[in-house]
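So the number in the numbering used here is just where the residue sits in the sequence shown, counting from 1, plus 1254.
The next block holds one structure in the form of C-alpha cells; read it before the comments.
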Amino acid sequence: MKPTFYLIDGHAVAYRQFYGLPSTSFSTSAGEPTNAVYGFTRILLDIIQKDKPKYLAVSFDMGLSGRETVYSDYKGTRDKMPEDLAIQMERIHQVVTALNIPILAVEGYEADDIIATVIEQAPDVMFYV
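Here is the structure:
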C-alpha cells in the first residue's frame, strides 16, 4: 500500500474558513478576528487525528506567479485579500509551525503550482489534496 501524503493549499482553506465561519462568533477579547484561524486549525487537527497521514504539508502562495503578465485577466475578478483575513494569515502560519507541519512556499509560485510539482516528483505516494 502506498504511503499517504496530504497536501493542503493553505490560502484556499483559509479563504473557505474565513467566509464559512462568522467572524462575529470567533474573535479574541481584543476584537481580533479568529474565524479563519479556528477553522484552519480544526481541519488540520481532524486530518491528523482521524486520517493519520504518513506525510502532511501545507503550501502557501508567495507573491505573483507571472501569469498576470501573460494573461492580464488572470484572477482579474478577485478582490484583494480582506484585511480581516490578512491579519489571520500570520496566526495560521504560526499554527502550522507549532504543529510541526512543513510549509511549502516558494517566491513567485502559487500553492497549487507547488502541490502539482510535489505530486509529479513522487509517483509512488498516494496524495490527498
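Backbone N, C-alpha and C define an ideal beta-carbon position, used for all residues, glycine too.
Quick caveat, the model's predicted, so the values are computed rather than measured.
Over the uninterrupted alpha helix (DSSP H) stretch that includes residue i, give me the two end residues.
i: Thr1278; result: Note, Thr1278: premise wrong, no alpha helix (DSSP H); not H, not E.
i: Leu1339; result: 1337–1352
i: Tyr1292; result: 1289–1300
i: Glu1361; result: Where Glu1361 is concerned, there is no enclosing alpha helix (DSSP H), given that its DSSP letter is neither H nor E.
State the start and end residues of the unbroken beta strand (DSSP E) segment that holds residue i.
i: Phe1259; result: 1258–1263
i: Ala1311; result: 1309–1313
Quick check: is the beta carbon of residue i nearer than 8 Å to any beta carbon in chain B?
i: Tyr1382; result: No chain B appears in the structure shown, which is made up of a single protein chain.
Residues in the same chain with beta-carbon distance under 7 Å from residue i, minus the five sequence neighbours each way, listed in chain order, please.
i: Asp1378; result: Lys1256
i: His1265; result: Phe1314, Asp1315, Ala1365
Just how far apart, CA to CA, sit residue i and residue j?
i: Phe1272; j: Asp1305; result: 24 Å
i: Ala1376; j: Ile1262; result: 16 Å
i: Met1293; j: Leu1275; result: The sequence shown places Gly at residue 1293, rather than the Met named in the question. Cα to Cα, Gly1293 sits roughly 7 Å from Leu1275.
i: Ser1277; j: Gln1342; result: 11 Å
i: Asp1291; j: Leu1298; result: Here residue 1291 is Val; the residue named in the question, Asp, does not match the sequence. Cα-Cα distance, rounded: 11 Å.
i: Ile1369; j: Ser1279; result: 32 Å
i: Asp1367; j: Val1267; result: 16 Å
i: Ile1373; j: Tyr1363; result: 15 Å
i: Ile1301; j: Phe1259; result: 11 Å
i: Met1380; j: Gln1303; result: 18 Å
Leaving out five residues before and five after residue i in sequence, what residues of the same chain have Cβ atoms less than 6 Å from its Cβ?
i: Ile1346; result: Ala1268, Val1291, Phe1294
i: Gly1349; result: According to the sequence displayed, residue 1349 carries Val and not Gly. So the qualifying residues of the chain are Thr1295.
i: Leu1339; result: Phe1272, Ala1290
Would the stretch 1304–1317 and the stretch 1275–1285 be scored as touching if the rule is three or more Cβ pairs under 8 Å? Verdict: no, contact absent.
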